[in-house]
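Enquirer: I have a structure I would like to understand better, so I am pasting it below and will then ask my questions one at a time.
In my numbering, the protein residues as written are 14 to 236.
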């Protein structure tokens, strides 16, 4: 990544971490002393390198683990509120942001609408009998990353997972408990608010998944 792209990336991520709000291109230009054209070019490159995600209207909707719209997870700290891009991202935010020792992660079960919330900290997983269900195998995540994130959800239990699969006609994905979700999320984005930051290569991602007990074909060949 060029110094320009990394500079823009860090300003965007730092603003989202501190305020929960995506900075405008003009604000990024002011902060970096880059031209508007350079900022726009850097944002395009960051999207190409999968640091940012555009929606169909070419608006930034994801800068993992932060989202700029509702993906069904709110994350409330003492001073800041964020949208989490998915179950994984929502549990990652309290482990990443430096100034919030804990955050309240809230969502609803996709099958029955029951509301759930947990106080998530860096100290260990929250208690709870709910389960996470990830629909899309890791090798296919970036085929449609917005669809992937919209379908990394938390359910009341496996009965609700099965009910939702019947309702939607989807095939089962991966189901695991909150402790595993927290372990997956806790260090996945380590260093993202520092510079330089390097995304994991597929082999590194596969090794990371294995350290938290997530193995098998679903977790293989992560892009």
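Note that the Cβ used here is the ideal one computed from N, Cα and C, for glycine as well.
Would you mind listing the beta strand (DSSP E) stretches within the stretch 75-128 that are 3+ residues and don't spill past its ends, in chain order?
Expert: The stretch 75-128 contains these whole beta strand (DSSP E) runs: 86-89, 94-97, 115-121.
Enquirer: Given 8 Å as the limit, is there contact between the stretch 126-144 and the stretch 152-164, that is, 3 or more CB pairs closer than that?
Expert: The stretch 126-144 vs the stretch 152-164: no contact.
Enquirer: Which residue marks the beginning of the alpha helix (DSSP H) containing residue 38, and which one marks its end?
Expert: Element bounds for residue 38: 38-45.
Enquirer: Determine, using beta carbons only, whether residue 138 and residue 191 come nearer to each other than 9 Å.
Expert: Contact flag set, yes.
Enquirer: What residue range does the alpha helix (DSSP H) around residue 222 cover?
Expert: Element bounds for residue 222: 215-224.
Enquirer: Only counting the same chain, and skipping five residues up and downstream in sequence, which positions put a Cβ closer than 7 Å to that of residue 36?
Expert: Around residue 36: 24, 25, 28.
Enquirer: Compute the Euclidean distance between the alpha carbons of residue 125 and residue 176, then round it to the nearest angstrom.
Expert: Residue 125 and residue 176: Cα-Cα distance of roughly 9 Å.
Enquirer: Between the alpha carbons of residue 221 and residue 229, how many angstroms are there, rounded?
Expert: Computed Cα separation, rounded: 13 Å.
Enquirer: What is the rounded straight-line gap between the Cα of residue 45 and the Cα of residue 20?
Expert: Rounded to whole angstroms, residue 45 to residue 20 spans 7 Å at the Cα level.
Enquirer: Identify, in the order they occur along the chain, each residue of the same chain with its Cβ nearer than 7 Å to the Cβ of residue 114, setting aside the five sequence neighbours on each side.
Expert: Same-chain partners within the cutoff: 134.
Enquirer: By the DSSP assignment, the beta strand (DSSP E) with residue 187 in it spans what residues?
Expert: Looking at the DSSP string, the run of the beta strand (DSSP E) that includes residue 187 is 187-190.
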